[in-house]
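If you're matching them up, the sequences are chains A and B in order.
So the number in our numbering is just where the residue sits in the first sequence, counting from 1, plus 109.
So the number in our numbering is just where the residue sits in the second sequence, counting from 1, plus 651.
Backbone N, C-alpha and C define an ideal beta-carbon position, used for all residues, glycine too.
Since the structure is predicted, the reported quantities are computational estimates derived from the model, not experimental observations.
Here's the structure we're looking at; comments come further down.
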Amino acid sequence: MAREQLKKVISSPGAVLSSGKSALLPAEAERVRELIASRHSKAALQMAKDLHKRCAGPESETLLIDSYKARIEDLLRLKMTVEAKSLMEILGERFPAALAQLGEAKRELHALNGRLEEVVGPLADDSLDAAERERIEAFVRQRVEDLPALATVSSLPAEHPLRVAAAALAAAFQAVTQGPVDDQLLALPQVSRRSPLAAWKALVRAIACYYRREDEACRQWLGTIAGDCAAARMIPAMNAMLGTRPETNTGTKLSPAEDRLVAAAGDHGVPLRSAVEALETAFQAKKRHPILEAIRAVAFASQRCSPALRDRLHQHVVARCMAHHIPLEAIRNISGGAPRKDAYFLRLVARGSEERHSAVGDEEAVWVWQQFRRAAIEEKWFAAGGLEDGVLALHMAQLVEKLPADLIEEIEDEESWNQAQGKRKREDFFPSVTMLYERACTADPSSEAFQKWLQWAQKDRDWKVADEVAERWRVAQPTEIQPLLHLMESAEKRSAFKKSLKYLQDAEKLDGLSPVVRKAKVRLLLAASFRQLRQGKAHLVAAEIERLQTVPEVRPGEIAALAAGLRWCCAVIDKDKAGQEAQAAELMESIGGVARHMLLVALMNEAQLGPKAKLPELKAFRSASAELLAGTIKACQLGEWAALTMPMLFGWSGEIAWFLTQPNCPADTAQLLTLGEAALKGSAKELAYAASVAGLAGGQADARFLFLRGRALPDWAKPMRNGCLTAALELARRERDTELAGKIVDLIGVRRRSGYGFLLDTDPEIVSRPVSAELLKAILEEERKANKYPSQNSTQPPKYWPKIMPVPPPLSEECDCPECRASRGEPMDDWDEDDDEDEDSIFGGPSLQELVAGVARILELMPPDLRRQTQEAINAGVDPLEACTQTIGNDQKAAKASKKASRIPRPDQGILF
Amino acid sequence: MNQNSPLDPYAVLCVGQDADDEGIRAAYLARLKQFPPDRAPVQFEQIRDAYELLRDRRRRAQCMLFSADPEAPLSSLLTGMDNGRQYVGSGPWLAVLKEKN
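Below you can see the structure in the form of structure tokens.
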């Protein structure tokens, strides 16, 4: 009732001011009862007093007593025990009979005052009214939580069932919360089912099940506890500890004491582990919706973990989602915000980008590593310019090196524009390879770092770039021979022989016995000699020959042979026939006719003697294949050592090749490899192939012979080439032959960087994939059997080819149209708007004549391999335009799509995360 | 080695990531005493490999920078996390009852 109305009622003259006794009006009684019902007990009591004063009848007395009762109850509810007690005493004085109606209030007062003995005392009386007993027991069930106090209450005898039950329960409660208990303790025969403390028995058993991890049993015991029992106060906290999700609870927020209990005794491990396992399963299934739901579960389960663990988990989850191309907005909404972007997180993301093994991934990785570096220096992981900084810079340099040239160009254009606009700080620019290598070599001036820098610089057209790097290396590591060798070779290429020899002398001072230095010396002296011979200055060659003869030999007679060969060239220029014959005879004696012939031809070519020279006669050795082979090998070994390109005896290549395949072939592994490499250099691919046949039959150095074979195969034998190179790389990796592995990777890299996707005759992705032992064995077995050089008409793809050819990706179940992709939050491709089909529908299709002309033009522009492939497809009945599209159009689209898809925006395009 | 896996070299040698050369060597020797090669060959090999990795500053730097595995099982982050359900005595339980009284 409104306060104004209330005042009106109180102050109405009819109720209060009239003197003399009068009957209680029903309306007045009703008013009082309304006040009682609306908990305005104070006003009700006042009114009732006034009415009783006026009426003094039994009805008013009843009304007054009820008002007193209501007021006492309200005071007790407000825990105003003193006031409640006073009022009870007043009531008892004025209306003693009314006290009997205040049983509940009295019990409540006693309970609040901790006077349990007053509450339960009446139970000691066996003659206690059953209804009263029931009321007291209900009170105990609903309100009493202090079991030890109940167990020692003095108003009940010690053997009273309530005391006995309370004692047993108190002991069991203590035990079950302190450690494991056995079932005997939980039996609690002292507590009957009808006991007011029965709910406590269920609670104790529930707690025991909780600690035993019998969650289902725990929930069942909690379910048996009535909601109005004192023991039921524990249920919300226990549900939280059992990991029941909050949306299934009513009144979900926990009180401070409940929070503390859950934090101390709650189980954070199992729910979180389960949620994490479910998330792992979702990631493996690669379906976005289940992944997001699983993340939600992990976020919930990790709420009660330590903040450090929660943050770490969050970071890992986000990094994984980025690898799965899940939009960050979606994750942020359900995981409670962005992850902490510290060095740890950035490192994870960078590694994740690298693991994509794509140009886009590598570019993203470089950006992120840049941010990582800044964060790591700030967080004191390492110092700027320290060793770690150098190692990181080296790694980043190699990532940037792998990026395709057109992507680098695009980045450089963008950086120039940003620089012109002043949009970005210098430190935020995409780092160049030069800058990274400089940083790497400054921070960590190691041979490895300089070697890599030099390798990169050597690819530059300008020799000064590489020379500058070599000079810096030389300054940083004066005892290192590699930079000197580079500088020497660089000068030699420019025909600056004096400079080259100067570097050679410095290298000899460091390590004169090094085979590399010795080889270089021979090569340099020969190069100088050849220049002089080309200039017709035969008289100057003598000095070079003299110096040449001081070089220690690898194989006896080789230096002498070279010297004799050079003297023969000099004799040719001087038109000294006797001299020519003498040198020719000396060579015949030292290296034999075949080797002599090959050596003189090689020297003639280098010295450009042309028609002036007449070679000594070379007799045919058709019947002495062994001698032919031995001579050729000797010449090839000499050529390898002296860096001379030995001409192959094409007329006898077949003979030699045949002899190589014979079981009594005397050539060892090293000789076969030398012969094979020389044959490749001399464009005698079939001879090189024959060397690989002999080598593979021997069973040693299989990796090198497969590498040799891979390069010796004709261009159209792509499957076999891929197979050989794949197996060679795998074997090199297994044998830890890093030199060979590097050569194979370089070979693939050179072809890849050609930029002409459809001209690749090697698939880098196939070749560089790991290979199982079984597949490796299959490749080796088949290649060992392939004794004949493949011919286009008769050769089928190898049997192992289906196992190593690229597997097309499974068709996605999701629609790939721009609208559907946009609704999934995927980035749009630049060429989504370039839909040629729309244009066709607007402008109409081409005429048949135009089609035919167009196809013919396309075929003209194609390289031979692709043209042949397209023609075969057309002959097989494929639509001409479709055949062209399949061979060219899809390659380009796929290359573009892989470049553009899922690119993380660069810092100037907005927040990275 | 994966920094999130049990074969993390720092975990094998029981050193922090900020340990210097001396600290790493001392930890290595201590671990060798615990796991001599004749009695614990597997652990000995792990300890030796971990030391080989960490004694070289460059390799140590590479380990620190590049061994993080974004695809590492998330459960590896929970290693060492206590399984909860600790016995805390009756106090916290009774506090809940009293609070709601």
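So, helix, strand or coil for residue i, using DSSP?
i: Phe539 of chain A; result: coil
i: Glu764 of chain A; result: helix
i: Arg441 of chain A; result: helix
i: Gly360 of chain A; result: In this predicted model, Gly360 of chain A has a pLDDT of only 48, less than 50, meaning its place in the structure is not dependable; the value taken from the coordinates is given anyway. Correct three-state label for Gly360 of chain A: coil.
i: Phe491 of chain A; result: coil
i: Thr333 of chain A; result: coil
i: Phe759 of chain A; result: helix
i: Ser863 of chain A; result: Residue confidence for Ser863 of chain A is low, a pLDDT of 45 falling below 50, so the modelled location carries little weight and cannot support an answer.
i: Ile675 of chain B; result: helix
i: Lys71 of chain A; result: Only positions 110 to 1022 of chain A appear in this structure, which leaves residue 71 of chain A out of reach.
i: Met350 of chain A; result: helix
i: Thr551 of chain A; result: helix
i: Ile590 of chain A; result: coil
i: Ile435 of chain A; result: coil
i: Asp944 of chain A; result: Unreliable positioning characterises Asp944 of chain A in this predicted model, as indicated by a pLDDT of 43, which lies under 50. A coordinate reading is not provided.
i: Ala447 of chain A; result: coil
Inspect the beta-carbon positions of residue i and residue j and report whether they are closer than 8 Å.
i: Leu642 of chain A; j: Val631 of chain A; result: no
i: Leu834 of chain A; j: Gly819 of chain A; result: yes
i: Leu675 of chain A; j: Leu712 of chain A; result: yes
i: Ala826 of chain A; j: Pro899 of chain A; result: yes
i: Leu563 of chain A; j: Ala552 of chain A; result: no
i: Glu168 of chain A; j: Ala138 of chain A; result: yes
i: Val747 of chain B; j: Ala281 of chain A; result: no
i: Met431 of chain A; j: Gly470 of chain A; result: no
i: Gln424 of chain A; j: Arg449 of chain A; result: yes
i: Leu256 of chain A; j: Leu278 of chain A; result: yes
i: Lys188 of chain A; j: Ala214 of chain A; result: no
i: Leu725 of chain B; j: Leu388 of chain A; result: yes
i: Ser599 of chain A; j: Trp565 of chain A; result: no
i: Ala670 of chain A; j: Glu653 of chain A; result: no
Give the C-beta separation of residue i and residue j to the nearest angstrom, bearing in mind that I take them to be a contact with Cβ-Cβ under 8 Å.
i: Leu815 of chain A; j: Ala793 of chain A; result: The pair is not a contact, with the Cβ atoms about 19 Å apart (cut-off 8 Å).
i: Leu457 of chain A; j: Ala428 of chain A; result: 4 Å
i: Ala391 of chain A; j: Ala372 of chain A; result: Incorrect: roughly 29 Å between the Cβ atoms, too far for contact.
i: Ile334 of chain A; j: Leu370 of chain A; result: Not confirmed; about 17 Å, so no contact.
i: Leu144 of chain A; j: Lys158 of chain A; result: So it is not a contact: roughly 12 Å between Cβ atoms.
i: Ala455 of chain A; j: Ala484 of chain A; result: Going by the sequence as given, residue 455 of chain A is Leu instead of Ala. That pair is a contact at about 6 Å.
i: Ala788 of chain A; j: Ala797 of chain A; result: 4 Å
i: Lys790 of chain A; j: Thr754 of chain A; result: 5 Å
i: Ala459 of chain A; j: Trp478 of chain A; result: 5 Å
i: Val285 of chain A; j: Ala317 of chain A; result: 5 Å
i: Leu716 of chain B; j: Leu501 of chain A; result: 6 Å
Comparing C-alpha positions only, which one of the options sits nearest to residue i?
i: Ala341 of chain A; options: A:Gln293, A:Lys450, A:Arg250 and A:Ala260; result: A:Arg250
i: Arg548 of chain A; options: A:Ala447, A:Ala296, A:Asp498 and A:Arg893; result: A:Asp498
i: Ala585 of chain A; options: A:Ser555, A:Asp471, A:Arg397 and A:Trp572; result: A:Ser555
i: Ala812 of chain A; options: A:Leu849, A:Leu351, A:Val681 and A:Lys511; result: A:Leu849
i: Tyr702 of chain B; options: B:Tyr738, B:Asp669, B:Leu728 and B:Ala677; result: B:Ala677
i: Arg878 of chain A; options: A:Cys430, A:Glu601 and A:Val854; result: A:Val854
i: Asp376 of chain A; options: A:Ala387, A:Val542, A:Gly352 and A:His398; result: A:Gly352
i: Arg656 of chain A; options: A:Gly645, A:Pro665 and A:Leu633; result: A:Leu633
i: Arg843 of chain A; options: A:Val880, A:Pro823, A:Ile857 and A:Met829; result: A:Val880
i: Tyr453 of chain A; options: A:Leu422, A:Pro436, A:Leu294 and A:Ala779; result: A:Leu422
i: Ser467 of chain A; options: A:Ile983, A:Leu512, A:Ala492 and A:Asp451; result: A:Leu512
i: Lys684 of chain A; options: A:Asp368, A:Pro661 and A:His648; result: A:His648
i: Leu613 of chain A; options: A:Ser604, A:Asp515, A:Gln901 and A:Ala629; result: A:Ala629
i: Cys550 of chain A; options: A:Leu496, A:Lys310, A:Asp420 and A:Glu883; result: A:Leu496
i: His269 of chain A; options: A:Asp234, A:Leu594 and A:Ile435; result: A:Asp234
i: His219 of chain A; options: A:Val253, A:Gly701 and A:Phe204; result: A:Val253
Q: Pull out every residue of the region 475-497 of chain A whose Cβ sits closer than 8 Å to any Cβ of chain B, in chain order.
A: Hits within the stretch, in order: Trp490, Phe491, Leu496 and Glu497.
Q: Determine which residues of the region 271-298 of chain A have a Cβ less than 7 Å from any Cβ of chain B, and write them out in chain order.
A: So the close ones are Phe282, Gln283, Thr286, Gln287 and Gly288.
Q.
Taking beta-carbon pairs under 9 Å, can you tell me which members of the region 548-579 of chain A lie near chain B?
A. Look at the region 548-579 of chain A: the residues with a C-beta under 9 Å from a C-beta of chain B are Asp553, Ser555 and Glu557.
Q) For the region 734-746 of chain B, which residues have a CB atom closer than 9 Å to at least one CB atom of chain A, in sequence order? A) Contacts with chain A (Cβ-Cβ distance below 9 Å) from the region 734-746 of chain B involve Asn734, Gly735, Arg736, Gln737, Tyr738, Val739, Gly740, Ser741, Gly742, Pro743, Trp744, Leu745 and Ala746, listed in chain order.
Q | Contact set between the region 431-464 of chain A and chain B, restricted to residues whose Cβ is under 7 Å from the partner | A | Answer in chain order: Ala432, Arg456, Leu457, Arg460, Gly461 and Glu464.
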